[in-house]
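For the sequence shown, our numbering assigns the number 7 to the initial residue and increments by one for each residue that follows.
The beta carbon of each residue, even a glycine, is placed where N, CA and C say it ideally should be.
Model, not experiment: these values are computed from the prediction.
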Amino acid sequence: MDKIPIGISACLLGEEVRHNGGHKRDAYITGTLAQYFSFLSFCPEVGIGLGTPRPAIRLISSDRGIRAVGSKDSSLDVTEQLGTFSQAAFDKIAGLSGFILKRASPSCGMERVKVYNEKNMPDPVGSGIFAAEVMGRFPLLPIEEEGRLGDPNLRENFIKRVFIYHRWRTEYLETLTVQKLTEFHAQHKLIFMSHDQNQSRALGKIAALANKDNLASVAEEYISLAMKTLKVIATRKNHVNVLQHIQGYLKKQLDGDDKQELVEVISRYHRGELPLIVPLTLLLHHFRKSPNEYIQQSWYINPYPEELKLRNLV
Ligand code: SF4
């Protein structure tokens, strides 16, 4: 498998670009994720010519809006430079399928970055200047912070979004036809159901409207709603609905004991006693004996490489 290109704050790869000359190498990113993702690194503060080491900067609220200024010397204002750097990076970012940002940074932080008021009191309500520009320009791009990747649900959600967005960009978007849009929806429908059943139905209706004259606009509407739907964390209740739906494809193949065992395992998953991988493994065991084309083609079964073990913890 070719590695998926994603952007990253350079300090997370171990590059010594922080204001103090240090780095924030992240072992999960550089160890596990590096086996599947190739990284294009950005350090906006180094990119605008601030050296390493350099004065720390922070966000302040002012009558000119949020500004990025020196923590000790507020006459050092790099807001415009950071904006210009970000916009110059857009061409490169357009070729990426995800982005991992450094939390809490006045340049890279995705959310809850401290913004200081005129009384020098911090309020965690901001986004870094670079992060805000990237999120504004690429609203569909899966973006996450390294700190949040420690949460199994957020990690699973982000990585799944990267794989799906990458598939859309590289295997569908350029060569899209009405048939391919229908196929994409059929293969991802169960995933959408696990995130939001109503949105999954809405996506089906949008895909069904496509014809060769309106394909571009329908596809845009479809993928916008799809990526928004995937941002919602999939709940156990929704997964249970999907698992029961999948079980329905086996109703003629399973005997009473097998059915009872599946019901019990899905209930235990619902109660939080088992991770998602357990009912899925049991279902797959039955589908190996009784293959079903729709289930085989669904990305719900294997949305990312199994070795990532993401479903062992959710
Ligand atoms: S958080 Fe962003 S700006 Fe700060 S050192 Fe890391 S990459 Fe550079």
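So is residue i buried or exposed if we call it buried at 16+ other beta carbons inside 10 Å?
{"i": "A16", "result": "buried"}
{"i": "A222", "result": "exposed"}
{"i": "L319", "result": "exposed"}
{"i": "T235", "result": "buried"}
{"i": "H194", "result": "buried"}
{"i": "P311", "result": "exposed"}
{"i": "H291", "result": "exposed"}
{"i": "P145", "result": "exposed"}
{"i": "E51", "result": "buried"}
{"i": "F48", "result": "buried"}
{"i": "F96", "result": "exposed"}
{"i": "G262", "result": "exposed"}
{"i": "S273", "result": "exposed"}
{"i": "G142", "result": "exposed"}
{"i": "G55", "result": "exposed"}
{"i": "S111", "result": "buried"}
{"i": "A240", "result": "buried"}
Distance, Cα to Cα, residue i vs residue j?
{"i": "H172", "j": "N126", "result": "42 angstroms"}
{"i": "E21", "j": "A214", "result": "47 angstroms"}
{"i": "G71", "j": "S113", "result": "15 angstroms"}
{"i": "D83", "j": "H29", "result": "23 angstroms"}
{"i": "I12", "j": "R109", "result": "17 angstroms"}
{"i": "P309", "j": "F169", "result": "7 angstroms"}
{"i": "L260", "j": "N298", "result": "13 angstroms"}
{"i": "K166", "j": "P148", "result": "9 angstroms"}
{"i": "E270", "j": "S68", "result": "58 angstroms"}
{"i": "A138", "j": "L160", "result": "20 angstroms"}
{"i": "K258", "j": "D264", "result": "11 angstroms"}
{"i": "R294", "j": "E267", "result": "17 angstroms"}
{"i": "S44", "j": "R242", "result": "31 angstroms"}
{"i": "E328", "j": "L256", "result": "Within the shown structure, residues of the chain are numbered from 7 to 320, placing residue 328 beyond reach of any answer."}
{"i": "G278", "j": "N123", "result": "43 angstroms"}
{"i": "P158", "j": "D32", "result": "16 angstroms"}
{"i": "H191", "j": "I10", "result": "21 angstroms"}
{"i": "G254", "j": "L289", "result": "11 angstroms"}
{"i": "E313", "j": "S80", "result": "48 angstroms"}
{"i": "G57", "j": "L88", "result": "14 angstroms"}
{"i": "L65", "j": "I212", "result": "41 angstroms"}
{"i": "K98", "j": "K237", "result": "24 angstroms"}
{"i": "Q302", "j": "L39", "result": "26 angstroms"}
{"i": "T188", "j": "H251", "result": "20 angstroms"}
{"i": "T176", "j": "M233", "result": "15 angstroms"}
{"i": "G156", "j": "E180", "result": "34 angstroms"}
{"i": "E227", "j": "Y42", "result": "29 angstroms"}
Identify, in the order they occur along the chain, each residue of the same chain with its Cβ nearer than 6 angstroms to the Cβ of residue i, setting aside the five sequence neighbours on each side.
{"i": "L196", "result": "V248, S304, Y306"}
{"i": "K315", "result": "none"}
{"i": "G104", "result": "I12, P148, V168"}
{"i": "R118", "result": "P130"}
{"i": "F198", "result": "S206, L209, T235"}
{"i": "K120", "result": "P128, P130"}
{"i": "R154", "result": "L160"}
{"i": "S92", "result": "F136, E139"}
Output needed for residue i: all residues of its chain with C-beta closer than 8 angstroms, excluding positions within five of it in sequence on either side, in chain order.
{"i": "R317", "result": "E162, P281, L282, I283, L286"}
{"i": "H245", "result": "S200, Y275, L282"}
{"i": "K186", "result": "Y178"}
{"i": "Q203", "result": "N244, N247"}
{"i": "A100", "result": "F144"}
{"i": "L102", "result": "P11, I12, G13, L46, L147"}
{"i": "G115", "result": "L107, K108, R109, G132, S133, G134, A137, E151"}
{"i": "T90", "result": "I54"}
So, at 7 angstroms on beta carbons, what are the nonlocal neighbours of residue i in its own chain, with the 5 sequence-adjacent residues on each side left out?
{"i": "P59", "result": "H25, N26, G27"}
{"i": "T85", "result": "R73, A74, I135"}
{"i": "V184", "result": "A216, N217, K218, L221"}
{"i": "L182", "result": "L221, A225"}
{"i": "T36", "result": "L19, G20"}
{"i": "S296", "result": "L256, Q259"}
{"i": "G76", "result": "P61, I63, L82"}
{"i": "L231", "result": "Q205, A208, L209, I212"}
{"i": "I229", "result": "L146, W174"}
{"i": "A94", "result": "none"}
Going by the DSSP bridge assignment, what does residue i pair with across the sheet?
{"i": "A329", "result": "In the structure as shown, the chain starts at 7 and stops at 320, and residue 329 therefore has no counterpart that could be examined."}
{"i": "I10", "result": "F43"}
{"i": "I272", "result": "Answer by DSSP bridge pairing: none, since I272 is not bridged."}
{"i": "I212", "result": "Per DSSP, none; premise fails for I212."}
{"i": "K120", "result": "P130"}
{"i": "F48", "result": "S15"}
{"i": "L288", "result": "Bridge partners of L288: none, in fact."}
{"i": "L107", "result": "E151"}
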